[in-house]
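Residue numbers (my numbering): 38 to 120.
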């Protein structure tokens, strides 16, 4: 992992040590409704997306939500629509 985390959030000087150019992602093995799956932890995500196959396996209700603008980790923005 390349990101540097601020170990003392109350210290303004330490807060300046945050490196915005670094990015870390955590993957963990977990289960949803007793189905094992690989989970990506993203504490700043506004929306979580799973595959349609996984949603069906988990017997989740899938509702059309129209168009969604995704901002990729590489800075590329993509419009996604569900059908």
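For every residue, glycine included, the Cβ atom is placed at its ideal position computed from N, Cα and C.
Terminal residues of the beta strand (DSSP E) in which residue i lies
i	result
residue 76	72-78
residue 198	Outside the modelled stretch of the chain, which goes from 38 to 120, sits residue 198, for which no answer is possible.
residue 104	104-108
Nearest residue (CA-CA) to residue i, options the options
i	options	result
residue 105	84, 74 and 78	84
residue 72	110, 102, 99 and 95	95
Separation of residue j from residue i, as counted between CA atoms
i	j	result
residue 110	residue 65	19 Å
residue 113	residue 101	24 Å
residue 118	residue 67	28 Å
residue 63	residue 79	7 Å
For residue i, the residue or residues it bridges with in DSSP
i	result
residue 67	74
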